[in-house]
Amino acid sequence: MFSILLVLHQISWQPPNGWTQTSISANGNNVSFLPDATTGGTLTATITLPCGFTETRTLTVNRAVATPVFASSNNSTICTSGASLAINPSPSCGAVNYTYTIVGNAGITFISNGLQTLTTSSTSASLSLSGANSSFVFKAKANYPGNNVSGEASTAINFGAPPLSITSSISGCNGSFQVWNLVNNTPSNGSNWNWSVNYLSTPSSQINIYSPTSPSTFVSVTGGGAVRLSYTDLCGAAQTNGVTVYNSGCFGFRVAVSPNPAQSNMSVSLAPESSNQTITNAAATAIVSNIPIKIIPSAGKTIMSLFEMNTNLLVKQWVHNEISNPNYNFNINGLRKGVYVLQIDRNNMATTVKVIIE
Numbered sequence: 399m400f401s402i403l404l405v406l407h408q409i410s411w412q413p414p415n416g417w418t419q420t421s422i423s424a425n426g427n428n429v430s431f432l433p434d435a436t437t438g439g440t441l442t443a444t445i446t447l448p449c450g451f452t453e454t455r456t457l458t459v460n461r462a463v464a465t466p467v468f469a470s471s472n473n474s475t476i477c478t479s480g481a482s483l484a485i486n487p488s489p490s491c492g493a494v495n496y497t498y499t500i501v502g503n504a505g506i507t508f509i510s511n512g513l514q515t516l517t518t519s520s521t522s523a524s525l526s527l528s529g530a531n532s533s534f535v536f537k538a539k540a541n542y543p544g545n546n547v548s549g550e551a552s553t554a555i556n557f558g559a560p561p562l563s564i565t566s567s568i569s570g571c572n573g574s575f576q577v578w579n580l581v582n583n584t585p586s587n588g589s590n591w592n593w594s595v596n597y598l599s600t601p602s603s604q605i606n607i608y609s610p611t612s613p614s615t616f617v618s619v620t621g622g623g624a625v626r627l628s629y630t631d632l633c634g635a636a637q638t639n640g641v642t643v644y645n646s647g648c649f650g651f652r653v654a655v656s657p658n659p660a661q662s663n664m665s666v667s668l669a670p671e672s673s674n675q676t677i678t679n680a681a682a683t684a685i686v687s688n689i690p691i692k693i694i695p696s697a698g699k700t701i702m703s704l705f706e707m708n709t710n711l712l713v714k715q716w717v718h719n720e721i722s723n724p725n726y727n728f729n730i731n732g733l734r735k736g737v738y739v740l741q742i743d744r745n746n747m748a749t750t751v752k753v754i755i756e
């Protein structure tokens with residue numbers, strides 16, 4: 399609604415073409431218009447006083463020039479020719495047409511004209527794809543009356559399934575085994591994960607895989623070899639990837655806990671895996687698994703961590719700033735009866751044993 403405050407006068411209005419006047423007061427002070435979808439321009443008010451004096455006032459009306467928004471239904475991966483990419487027309491209200499552009503892959507064109515630029519009134523465009531798997535950028539801008547052009551929206555698209563990225567890193571030692579973290583950095587690029595041993599470098603090598611059907615996993619290795627990841631890519635094809643793992647020098651240690659079962663006190667004895675040193679009550683110690691509950695950095699330290707076996711809840715931890723003491727004694731008064739896991743981390747090597755408290 400537009401209004402001008404005057405007395406003893408008459409006002410006439412001239413809107414831009416395509417606008418419809420919906421109401422006006424007796425002397426023209428107040429007027430309402432319904433604009434069309436696209437037209438802007440000049441709104442003119444002519445004021446006439448009783449003495450015959452006239453005055454003209456103008457208001458320039460600029461229609462919104464909105465940048466297109468890509469539809470949420472778009473898939474960032476296109477597997478077959480003829481796929482359509484759409485924009486959301488609502489933010490581009492008033493646009494006469496749209497200009498689409500393909501950048502980054504000469505083998506991808508618009509089906510309707512065989513080119514990489516297309517101007518059309520449609521809010522979607524179908525693509526012809528050829529060549530090897532690659533990525534490209536799809537751009538869209540809205541064209542408005544009066545040669546007004548919106549900003550350009552862009553989105554990255556993969557033609558064919560995008561590659562998988564795996565990062566491998568050594569996280570420490572687990573006894574005589576080297577522990578490796580194998581992280582899938584792009585789990586959204588596939589499904590149906592399956593980690594397996596590809597090959598062993600020597601007959602005596604061994605690779606243990608944990609969480610073999612997860613996007614990421616960790617392994618323990620002695621000797622060396624390769625781990626393979628099989629999966630289904632976003633285009634439904636079977637794919638493989640993999641990494642090499644090896645032992646960079648873990649020698650591990652043996653551990654014994656006594657008494658076990660324990661009540662108020664617990665003694666822990668350690669000996670290097672490669673030594674001839676004997677440790678007492680070795681038969682009383684049960685290895686729970688080769689993998690720690692939680693990797694704990696322990697360079698230059700010996701760290702004893704007691705976890706509830708069923709919940710993996712940490713209930714006690716003892717930290718010693720040395721790596722040579724063979725014997726330790728701990729007070730476990732106050733802990734409830736049950737089965738626990740004692741994890742020993744020493745100088746970035748680790749092992750676990752089962753402990754019963756009565």
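Take the sequence shown: its position 239, counting from 1, is numbered 637 in the working numbering, and each next residue is one higher.
Virtual Cβ for every residue (Gly too), placed ideally from N, Cα, C.
>> I need the straight-line Cα distance from ASN745 to SER612, nearest angstrom please.
In response: Reading the sequence shown from its first residue, position 347 is the one you call residue 745. Reading the sequence shown from its first residue, position 214 is the one you call residue 612. Going from the Cα of ASN745 to the Cα of SER612 covers about 29 Å.
> Tell me which same chain residues have a C-beta within less than 7 Å of the C-beta of ALA484, skipping the five on either side of it?
Replying inline: As a working note, residue 484 is residue 86 in the sequence shown. Only ALA469, SER471, ASN472, THR521, SER522 meet the Cβ criterion.
>> Considering Cα atoms alone, identify which of GLN637, TRP411, LYS539, LEU668 is closest to ASN592.
In response: Indexing the sequence shown from 1 puts residue 592 at position 194. Taking only the C-alpha atoms, the option nearest ASN592 is GLN637.
>> Using only CA atoms, which one of SER599, GLY505, GLU453, THR620 lies nearest to ILE409?
In response: Here the question's residue 409 lines up with position 11 in the sequence shown. Taking only the C-alpha atoms, the option nearest ILE409 is GLU453.
> Would you call TRP578 buried or exposed, if buried means 16 or more other Cβ atoms sit within 10 Å of its Cβ?
Replying inline: Looking up residue 578 in the sequence shown gives position 180. The residue in question, TRP578, is buried, as its Cβ has 16 or more Cβ neighbours within 10 Å.
> Hey, how far is the Cα of SER569 from the Cα of GLN576?
Replying inline: Taking the first residue of the sequence shown as position 1, residue 569 is located at position 171. Taking the first residue of the sequence shown as position 1, residue 576 is located at position 178. Answer to the nearest angstrom: the Cα atoms are 8 Å apart.
>> If contacts are defined as beta-carbon pairs under 8 Å, then VAL535 and GLY502 qualify, I think. What distance do you get, rounded to the angstrom?
In response: The residue given as residue 535 occupies position 137 in the sequence shown. The residue given as residue 502 occupies position 104 in the sequence shown. Right, the Cβ-Cβ distance comes to about 5 Å (below 8 Å), so this counts as a contact.
>> Between LEU441 and VAL459, how many whole angstroms is the CB-CB distance? I'm expecting something under 8 Å.
In response: Within the sequence shown, numbered from 1, the residue matching residue 441 stands at position 43. Within the sequence shown, numbered from 1, the residue matching residue 459 stands at position 61. About 6 Å separates the two Cβ atoms, so the contact holds.
>> Can you tell me whether GLY570 is helix, strand or coil according to DSSP?
In response: Sequence index remark: in the sequence shown, residue 570 carries index 172 (1-based). Strand at GLY570.
>> So, under 8 Å CB-CB, VAL737 and MET707 are touching, yes? Tell me the CB distance rounded to an integer number of Å.
In response: The residue given as residue 737 occupies position 339 in the sequence shown. The residue given as residue 707 occupies position 309 in the sequence shown. At roughly 4 Å, the Cβ-Cβ gap stays under 8 Å, so VAL737 and MET707 are in contact.
> Quick one: what's ILE476 bridged to in DSSP?
Replying inline: Stepping through the sequence shown from its first residue, residue 476 is reached at position 78. Bridge partners of ILE476: PHE557.
> Can you list, in chain order, the residues of its chain whose CB lies under 7 Å from that of PRO657, leaving out five sequence neighbours each side?
Replying inline: As a first step, residue 657 must be located in the sequence shown, where it is residue number 259. Correct list: empty, nothing qualifies.
>> Tell me which residues share the same chain as ASP743 and place their Cβ nearer than 6 Å to its Cβ, disregarding the 5 neighbours each side in the sequence.
In response: Within the sequence shown, the letter at position 345 stands for residue 743. Here the set comprises ILE694, SER696, ILE701.
> Span of the beta strand (DSSP E) holding ASN639?
Replying inline: One-based indexing of the sequence shown puts residue 639 at position 241. Note, ASN639: beta strand (DSSP E), 636-644.
> Just checking my contact of VAL429 with TRP411 at CB under 8 Å: how many whole Å lie between their CB atoms?
Replying inline: Working through the sequence shown from its first residue, we reach residue 429 at position 31. Working through the sequence shown from its first residue, we reach residue 411 at position 13. Indeed they touch by this definition, with Cβ atoms about 5 Å apart.
> Once you ignore the five residues that flank SER646 on each side, which residues in its own chain have a CB closer than 8 Å to its CB?
Replying inline: On the sequence shown, residue 646 is found 248 positions in, with the first residue counted as 1. Within the same chain, SER646 has close Cβ partners ILE568, GLN576.
>> In the DSSP assignment, the beta strand (DSSP E) including GLY736 goes from what residue to what residue?
In response: Residue numbering aside, residue 736 sits at position 338 when the sequence shown is read from its first letter. Residues 736-744.
> On the three-state DSSP scale, how would you describe SER526?
Replying inline: By one-based count along the sequence shown, residue 526 stands at place 128. If DSSP states are grouped into helix, strand and coil, SER526 belongs with the strands.
>> Can you tell me whether ALA681 is buried or exposed? The criterion is at least 16 other CB atoms within 10 Å of its CB, across all chains shown.
In response: Counting from one through the sequence shown, the residue named residue 681 turns up at place 283. Because ALA681 sits at a pLDDT of 33, beneath the cut-off of 50, its placement in the model cannot be relied upon, and the point is left open.
> DSSP on ASN587, reduced to helix/strand/coil?
Replying inline: The residue given as residue 587 occupies position 189 in the sequence shown. Note: ASN587 maps to helix in three-state DSSP.
> Around the C-beta of PHE451, are 16 or more other C-beta atoms found within 10 angstroms, so that it is buried, or is it exposed?
Replying inline: Along the sequence shown, read from residue 1 onward, the residue named residue 451 stands at position 53. Flag for PHE451 reads exposed.
>> Quick check on the burial criterion: 16 or more other C-beta atoms within 10 angstroms. Buried or exposed for ALA424?
In response: Numbered from 1 along the sequence shown, position 26 holds the residue referred to as residue 424. ALA424 is exposed by the Cβ-count criterion.
> For TYR542, which option in ALA493, TYR608, ARG455 has the closest C-alpha, if you only look at C-alpha atoms?
Replying inline: Working through the sequence shown from its first residue, we reach residue 542 at position 144. For TYR542, the nearest C-alpha among the options comes from ALA493.
>> For SER662, which residues in the same chain have their Cβ closer than 8 Å to its Cβ, ignoring the five residues on either side in sequence?
In response: Working through the sequence shown from its first residue, we reach residue 662 at position 264. Hits under 8 Å: ASN729, ILE730, ASN731.
> Comparing alpha-carbon positions, which option in THR553, LEU527, SER533, ARG652 lies nearest LYS539?
Replying inline: As a position in the sequence shown, residue 539 is number 141, starting the count at 1. LYS539 has its Cα closest to that of THR553, out of THR553, LEU527, SER533, ARG652.
> Exposed or buried, GLN741, counting other C-beta atoms within 10 Å across all chains shown (16 or more means buried)?
Replying inline: In the sequence shown, counting from the first residue as 1, residue 741 sits at position 343. So GLN741 counts as buried.
> Can you name the start and end residues of the beta strand (DSSP E) that ALA443 belongs to?
Replying inline: Counting from one through the sequence shown, the residue named residue 443 turns up at place 45. Element bounds for ALA443: 439-446.
> Apart from the five residues on each side of it in sequence, which residues of its chain come closer than 6 Å, Cβ to Cβ, to SER532?
Replying inline: Locating residue 532 in the sequence shown gives position 134, counting from the first residue. Once the five neighbours on either side are set aside, the close Cβ partners of SER532 are ASN503, PHE557.
> Residues in its own chain within less than 8 Å of ILE754 by CB, not counting five upstream and five downstream?
Replying inline: Taking the sequence shown and counting its residues from 1, one reaches residue 754 at position 356. So the qualifying residues of the chain are ASN658, PRO659, ALA660, GLY736, VAL737, TYR738.
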